[in-house]
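Remarks on the structure that follows.
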Amino acid sequence: MSFNEDSMSQHAINRLKAAQDEASIDAAKYWGRAAEAIDWFACADMPFDDFLGWFSDGQLNTCYNCLDRHVAAGRGDCTALIYDSPVTKTIARYSYSELLQQTGRVAAMLKSLGVGQGDRVVIYMPMVPETVFAMLACARLGAIHSVVFGGFAPPELSKRIDDAAPKLVLTASCGIEGGRTIAYKPLVDEALALSSHQVRHVVLLQREQVTAALRPPRDIDWMELHALTAGDEIPACVSVAATDPLYILYTSGTTGKPKGVVRENGGHAVALAWSMTNIYGIEAGDTFWAASDVGWVVGHSYIVYGPLLVGAATVLFEGKPVGTPDPGTFWRVIERHGVKSFFTAPTAIRAIRKEDPAGDLLRQLGIARCQAIFLAGERADPDTIDWLEQHSGLPVIDHWWQTELGWPAIATCIGLGDWRRKRGSAGLAVPGYDFAILDDRGQPVADGNSGNVVIRAPLAPGAFRTLWNNQAGYEKNFATYPGFYETGDTGHRDPDGFLHIMGRTDDIINVAGHRLSTGQMEQIVAKQEGVAECAVIGAKHPVKGMIPVAFVSPRAGHQADHTLTGRIVQAVRSELGAVAAMKKVHIVPQLPKTRSGKILRNLLREIVNHARYEIPATIEDSTVPATIAEIVEAESTT
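Residue numbers (my numbering): 1 to 638.
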């Protein structure tokens, strides 16, 4: 499929509308037909039940659908997994047969340690092939995996261990974060010392960059166990109910009781297979790359499961958009492996633009086979989209979803032939998701007016139906607006049906009685020449209640631009009026972000309000908050 906006027919638009209508009017029929793309051990004759959820009478195995059936269909020699690690200068390719063999061997390892259906396994590992083997091996056995970022802080890892109560922890001796090597074993040991729940074993993969000391009999060397079980038969795929959990994924920034999103096998497989074909335009034999981490929902859905469910090749990348070795890394990977559709975060593109503002490396390296670039994880400002489209020559498509949903809810569905998009919008509602924009009283607002973004229940297949050990926490998501899932985002729908997500509900600030969107201000700031990344938050004010404050990270060559602050203040005033009252702009080397690229606006809010703050375990660089606090303090006293 190639992109030609002029050739997009009314037929494609009608096709999307028909899918939206059918998924809304007769969801059971629509998703029952989509379920035919999955191999079932026992057919799901009842697509939806109000109490039991999606495909509740069906039996399947997700690993079988990702691997075994493709090999059985004669596609065993086709590429399944491409490991590209610029930090270790390693490239490895696994065919479907090889990936099945590697997964089966890890499944035998786990089985030898007593892991079976319903058991939990915590995976605390870097972006290496063994992590993928482990996830699929758990699925093969009917066990439930919970992937936690390698390098995650011990107290947060401990919370997840206590909540999930796993039989095992799978880990590695180290991870490589850009230019840093992080030893994992001391972090695991500390987490287990803090935990009430004690695991039977820690299985550790030794990496040559750092070796770890083991504490037998609890600790077991991965490769020694692999050799010990080499003669064991590869376990068969366990038949599980469609409503049985595949994995638990704890959302970032968890405080207090952990928020473990539970993903069920059946709805997950159906939704991801549908999305690969209809949203991303990916089919068997294509190569797809989601430049994320398996610790995030994007990594679960679109590094591991989604591409393999449809028989595509998936790229597992161990590196960063810049510095490993330069801002051309992404383009090299896309060109080298013939990536057809590419998915990353807007913050990654902004980091690349900051280092290579003229797009020189993009032009030199090229991405000839790629048909589209998808962005998600943070709101994609129109200026970033414009820059990337100009330099890549490709359609750049923003889309929106959440850990709770598991796959996109707002998107441009290029697989349906509909390439429409608007800069500043995440796209149109994906079939299966019925959006509404409500005011604080729960009443619909007119098109173009901002409100609370909610989704009518029941949610589409693949979305969460509970939180692990926390049903009350799950039900809270539907309590504010009965009959609707509260996304926690604000936004609006325009007359053409495009949805615009402007930010979290706490990003609406009240300035002297006027409700203003910091997301709208960020769009204005981001357009100014010299701005690489920005965030606007609300600071407390004794007279106006709140005032907007901008944090700006400049592009290369603009660090000493003394006109930048004045231009930003004037631009916000010109577009929003004097009521916006933006007078303070802090120029900072970089913004605090999670490892998935989300800007930590709450942390900025605490810093600027001189409140006590804790550095979240999900932060990418823990030194950034202190630097920003020093800048804020210095500028507050001048």
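By construction, the Cβ of each residue, glycine as well, lies at the ideal position given by its N, Cα and C atoms.
- CA-CA distance, glutamate 614 to proline 625, rounds to 10 Å.
- Cβ-Cβ distances below 6 Å link valine 147 to Ile123, Val294, Gly295 in the same chain, with the five nearest sequence neighbours on each side left out; the list follows chain order.
- CA-CA distance, proline 307 to phenylalanine 288, rounds to 7 Å.
- If the five residues before and after glutamate 156 are omitted, its C-beta is found closer than 6 Å to the C-beta atoms of Ala617, all from its own chain and listed in chain order.
- The way I'd put it, the stretch 521 to 528 doesn't touch the stretch 438 to 453; fewer than three beta-carbon pairs between them come closer than 8 Å.
- A Cβ-Cβ separation of about 19 Å leaves proline 357 out of contact with alanine 571 under the 8 Å criterion.
- Within the model, the alpha-carbon separation for lysine 111 versus valine 240 is close to 16 Å.
- According to the DSSP assignment, serine 146 belongs to the beta strand (DSSP E) that extends over 144 to 147.
- For alanine 28, the CB contacts under 6 Å within the same chain, skipping 5 residues up- and downstream, are Pro47, Phe48 in chain order.
- Straight through space, the alpha carbons of methionine 109 and glutamine 101 are spaced by roughly 13 Å.
- Contact annotation: leucine 168 and arginine 140 have beta-carbon atoms that are not nearer than 8 Å.
- With fewer than three CB-CB distances shorter than 8 Å, the stretch 215 to 231 does not count as touching the stretch 375 to 384.
- For alanine 165 against histidine 197, the beta-carbon gap comes to about 5 Å, under 8 Å, which counts as contact.
- When DSSP states are grouped into helix, strand and coil, asparagine 469 belongs to the coil group.
- The Cβ-Cβ distance between alanine 372 and leucine 394 falls below 8 Å.
- Annotation for tyrosine 30: Glu22, Ala23 place their beta carbon closer than 6 Å to its own, counting only its chain and skipping 5 residues before and after.
- By the Cβ criterion, the stretch 267 to 280 is not in contact with the stretch 78 to 93, since fewer than three pairs of Cβ atoms, one from each stretch, lie closer than 8 Å.
- Boundaries of the beta strand (DSSP E) harbouring asparagine 510: 508 to 511, taken from the DSSP string.
- CA-CA distance, proline 129 to leucine 516, rounds to 46 Å.
- The stretch 486 to 493 makes contact with the stretch 453 to 467; the number of CB pairs closer than 8 Å reaches 3 or more.
- DSSP, reduced to helix, strand and coil, places serine 195 outside both helices and strands of the structure shown, so it counts as coil.
- Within the stretch 217 to 250, the complete alpha helix (DSSP H) segments at least 4 residues long are 222 to 228, listed from N- to C-terminus.
- As computed with DSSP, isoleucine 501 is found in a beta bridge with Gly491.
- Membership of arginine 263 in the beta strand (DSSP E) is indicated by the continuous run 260 to 264.
- The count of Cβ pairs closer than 8 Å, one atom from the stretch 598 to 605 and one from the stretch 559 to 567, stays below three, leaving the stretches out of contact.
- Apart from sequence neighbours up to five positions away, no residue of its chain approaches proline 589 with a beta-carbon distance below 6 Å.
- Within 10 angstroms of the beta-carbon of valine 543 lie fewer than 16 other beta-carbons, which makes it exposed.
- The C-beta distance from phenylalanine 342 to glutamate 404 rounds to 25 Å, too long to fall under 8 Å, and the pair is not in contact.
- With fewer than 16 neighbouring CB atoms inside 10 Å of its own CB, histidine 562 falls in the exposed class.
- Here threonine 131 is buried, its C-beta having at least 16 other C-beta atoms within 10 Å.
- Comparing C-alpha distances from tyrosine 250 to each of Arg180, Phe149, Ile599, Glu533 shows the shortest one belongs to Phe149.
- If you draw a straight line from the Cα of serine 158 to the Cα of isoleucine 13, it is about 49 Å long.
- Counting C-beta atoms within 10 angstroms of its own C-beta, alanine 550 has 16 or more neighbours from the protein chains shown and is therefore classed as buried.
- A contact is defined here as three or more CB-CB pairs under 8 Å, and the stretch 256 to 267 meets this definition with respect to the stretch 51 to 63.
- Threonine 79 is positioned such that its CB atom lies no closer than 8 Å to that of valine 262.
- In the structure shown, the three-state DSSP call for cysteine 370 is coil.
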